[in-house]
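Asker: Take the sequence shown: its letter number 146 is residue 878 in this note's numbering, and every next letter is one higher.
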Amino acid sequence: MVVFHLDLKNRYIYQYKDHLGNTRVSFAKNSAGVLEVTDTNNYYPFGLNHISEFKGLLGGYLNYKYNGKELQETGMYDYGARFYMPDIGRFGVHDPLSASTLDSYGYAFNNPILFIDPDGRSPEEVDFDKKQDNKNEFSNKRGDNKISTAFVNERNGKTVIVNDGLDDVFM
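Structure representation (structure tokens):
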């Protein structure tokens, strides 16, 4: 759960994110103090948003959507090093590290379920590893163990860790 302060109406926007960093639901308290959904997002595997019956009037905070990246007015996501086009599942510019892949415009080795691309330069595999203490944690297959974001399920105590270039803990 991520909390943002929205200055427009001086209230807090809460966002629920999944294990890939996708903003799935945004909600806030209305004038009566009751939580109401302000935005919902369901994605196709490569990040294109499903058109749903419900679309909130306020939308999400700063348009951080698929993989936690900001959706630009052009319909592309800003990954830092490159802009990503979810409608075709490709980046709009050449990969600065293109020697490492065959497709210099591709996203996550064409497998967005098992791979993420935190900054648009190098896809990383995300996989469950069984640790000795029987906790399930995410780690990348490169073995560098750079753990950046931790998602903690308060109900069952499980921690999901994603190397996404951020330094956050979500409870």
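Backbone N, C-alpha and C fix where the C-beta goes; we use that ideal spot for every residue, glycine too.
Please read these numbers as outputs of a predicted model, since none were measured by experiment.
Could you tell me whether the region 802-813 touches the region 742-759, where touching means 3 or more Cβ pairs closer than 8 Å?
Answerer: Contact between the region 802-813 and the region 742-759 is absent, because fewer than three Cβ pairs lie under 8 Å.
Asker: With DSSP run on the structure shown, which of helix, strand or coil describes Ala840?
Answerer: Reduced to three states, the DSSP call for Ala840 is helix.
Asker: Apart from the five residues just before and just after Val757, which ones in its own chain have a Cβ nearer than 8 Å to its Cβ?
Answerer: If we look at Val757 and ignore the five residues flanking it on each side, its Cβ neighbours are Gln747, Tyr748, Val769, Asp771, Thr772, Asn773.
Asker: In chain order, what residues of the same chain have a beta carbon less than 6 Å from the beta carbon of Gly800, not counting five sequence neighbours either side?
Answerer: So the qualifying residues of the chain are Gly753.
Asker: Within the same chain, show all residues whose beta-carbon is closer than 7 Å to that of Leu803, passing over the 5 residues directly before and after it, in chain order.
Answerer: Cβ neighbours of Leu803 beyond the five flanking positions: Asn795, Lys797, Tyr809.
Asker: Which whole-angstrom value describes the C-beta separation of Asp849 and Tyr839, a residue pair presumed to lie in contact below a C-beta threshold of 8 Å?
Answerer: That belief holds up - the Cβ atoms of Asp849 and Tyr839 are roughly 6 Å apart, short of 8 Å.
Asker: Quick check on the burial criterion: 16 or more other C-beta atoms within 10 angstroms. Buried or exposed for Glu805?
Answerer: Glu805 is exposed by the Cβ-count criterion.
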